[in-house]
Amino acid sequence: KNASKQGTPCSHLADRGGKEGKKRHHAYTIRLSASASTSHKQEDTQKTIKDDGLGLHDFISGELSVKSKWEEYRGNLKRQKGERLRLPPWLKTEIPIGKNYNRLKNTLRELNLHTVCEEARCPNIGQCWGGGEYATATATIMLMGDTCTRGCRFCSVKTARRPPPIDPEEPYNTAKAIADWGLDYVVLTSVDRDDIADGGAEHFAKTVSCLKERNPRILVECLTPDFHGDLAAVETVTRSGLDVYAHNVETVRELQRYVRDPRANFEQSLGVLCHVKRVKPSVLTKTSIMLGLGETDAQIHSTMKELRNSGVDCLTLGQYMQPTRRHLKVEEYVTPEKFAHWKEVGQEMGFLYTASGPLVRSSYKAGKSQQLENGLNYFKGESHVY
């Protein structure tokens with residue numbers, strides 16, 4: 001899910017020490033003594049990494065790297081046995097600040113709403129929530145609680161066989177929050193709820209309905225689970241009045257069993273996306289792939305081709321980052337140049353919209369794409385220009 005909810009950075013500093021380690025930003029350190037009166041005590045200063053992996057501060061610590069110097073980076077990009085990769089400079093982001101950021105966060109707490117931005121510890125939270133130079137706040141609301149019934153090996157969201165019951169007021173609270181923020185595009189996603197008969201499809205539909213009632217012009221994207229292959233549930237969401245139906249295949253076909261929960265698979269996910277088009281061809285379909293899990297270029301290409309041949313309209317590709325030490329290790333940090341290559345491939349294959357970059361996530365700046373807007377207009381008969 002964002003949406004799937006891929007976590008944030010891998011614990012790449014666990015075994016690092018020596019001179020290099022001592023120079024790192026203070027956010028990584030825990031000082032053993034408050035006094036630095038002697039060089040001996042300074043040498044005793046140690047760094048520790050929490051067992052639950054790196055957090056947002058690891059993305060923002062130190063100076064932001066200059067793009068022109070990215071090519072000079074000489075750190076390992078492919079993991080060797082027993083190694084943890086360092087975070088490359090292109091994965092550094094700005095600290096989340098600003099009035100929009102704080103306002104959005106406070107509103108979420110007041111209405112007891114969850115976002116995948118927080119649950120997945122997303123490094124883009126400062127941009128999407130309106131920090132820094134960004135004027136428009138955008139958040140991906142996570143419906144039906146913060147606890148998932150599945151346990152994918154890449155995901156940092158909490159899991160349980162029987163999560164707490166869903167909040168019946170959530171659709172109304174979500175619509176109220178979005179109306180207060182004044183957004184024109186919103187992404188709704190959720191944890192997997194295999195404990196509910198329809199997987200939460202009706203809850204999705206009710207939320208979309210509430211949003212459209214308050215603002216008929218708002219564009220709504222739903223990033224849904226696979227509903228365990230229940231196509232009736234898929235149809236419920238498809239006919240709810242949404243504009244974009246997203247469901248993530250997460251990785252290439254060959255790595256599905258290695259990466260995802262056993263109850264998920266490529267065919268089932270592809271079936272969801274195909275059924276949306278059968279039910280309502282005017283709804284844009286969208287999916288996402290994580291790179292850096294050990295996939296080959298040939299596997300990426302064939303997966304992209306299969307998705308496009310199945311009628312998927314939009315594709316996002318981003319870097320997988322290990323959320324905790326208990327999750328899958330990053331096998332490779334893909335360069336920005338390689339991501340640019342896959343964007344070109346996606347465009348050549350005919351995707352209406354291909355977003356590809358190290359920090360791209362399935363819901364990243366979802367409503368700010370001109371290609372996506374053109375795609376929506378195309379299916380509404382308002383434009384045929386791409």
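Once you know that position 21 of the sequence shown is 21 in UniProt numbering, the rest is easy, because the numbers rise by one and skip nothing. Yeah, the Cβ is synthetic: ideal placement off N, Cα and C, and Gly gets one too. These numbers were taken from a predicted model, which means no experiment stands behind them.
Item checked: Rounded separation between Thr159 and Gly151 - CA only -> 6 Å
Next item on the list: Return the residue from the list Asn309, Phe154, Lys305 that minimises the CA-CA distance to Gln322.
Entry: Phe154
Item checked: Endpoints, beta strand (DSSP E) assigned at Ile300 -> Taken as a continuous stretch (DSSP letters only), Ile300 belongs to no beta strand (DSSP E), being part of the alpha helix (DSSP H) at 297 to 309.
Note to self: Would Ser310 and Leu273 be called neighbours here (beta carbons separated by less than 8 Å)?
What the structure shows: yes
Check: Which residues share a DSSP beta bridge with Gly318?
Finding: Met290
Next item on the list: Assign Ala355 to one of three DSSP states: helix, strand, or coil.
Entry: strand
Check: According to the Cβ coordinates, are Arg239 and Val279 closer than 8 Å?
Finding: In this structure, Val279 lies closer than 8 Å to Arg239 by Cβ.
Next item on the list: Leaving out five residues on either side along the sequence, give the residues of the same chain with a beta carbon under 7 Å from the beta carbon of Val234.
Entry: Phe227, Val272, His275, Val276
Next item on the list: Note down the Cα distance separating Glu337 from Tyr320, rounded to an integer number of angstroms.
Entry: 16 Å
Item checked: In DSSP terms, what Tyr245 is bridged to -> Cys222, Thr285
Item checked: Closest residue to Thr285 among Ile300, Val312, Met304, Gly294 (Cα-Cα distance) -> Val312
Margin query: Just to confirm before moving on: does the CB-CB distance between Gly145 and Val191 stay below 8 Å?
Written below: yes
Check: For Leu91, which residues of its own chain have a beta-carbon under 6 Å away from its beta-carbon, when the five flanking residues on both sides are left out?
Finding: Pro358
Notebook entry, point to check: Looking only at its own chain, which residues have a Cβ that is under 7 Å from the Cβ of Val360, when we skip the five neighbours before and after it?
Noted result: Thr316, Leu317, Gly318
Next item on the list: Count the other C-beta atoms from every protein chain shown that fall within 10 angstroms of the C-beta of Gly200, then say buried if there are 16 or more, exposed otherwise.
Entry: In this structure Gly200 is buried. Its beta-carbon is surrounded by 16 or more other beta-carbon atoms within 10 angstroms.
Check: CA-CA distance, Tyr73 and Ile141?
Finding: 36 Å
Check: Can you name the residues that DSSP bridges to Thr238?
Finding: Answer by DSSP bridge pairing: none, since Thr238 is not bridged.
Next item on the list: Give the DSSP-derived three-state secondary structure of Lys81 in the structure shown.
Entry: Three-state DSSP puts Lys81 in coil, outside helix and strand.
Notebook entry, point to check: I think Val237 touches Met304, with their Cβ atoms under 8 Å apart; what is that distance to the nearest whole Å?
Noted result: Rounded, the Cβ-Cβ distance is 25 Å, inconsistent with contact.
Check: If you compare alpha carbons, which of Val249, Leu219, Thr296 is closest to Val283?
Finding: Checked all of Val249, Leu219, Thr296; the closest Cα to Val283 is Leu219.
Next item on the list: Say whether the region 286 to 296 touches the region 169 to 189, bearing in mind that this needs 3 or more beta-carbon pairs closer than 8 Å, one atom from each stretch.
Entry: No: the two stretches stay apart, fewer than three of their Cβ pairs being nearer than 8 Å.
Check: Can the beta-carbon of Thr251 be found less than 8 Å from the beta-carbon of Glu221?
Finding: no
Item checked: Where Cys210 falls: helix, strand or coil (DSSP) -> helix
Checklist line | Cut-off 6 Å between Cβ atoms - residues of its own chain near Ser356, not counting five sequence neighbours on either side | finding: Once the five neighbours on either side are set aside, the close Cβ partners of Ser356 are Leu317, Phe339, Trp342, Lys343.
Notebook entry, point to check: Could you give the distance in angstroms between the alpha-carbon of Val330 and the alpha-carbon of Gln299?
Noted result: 17 Å
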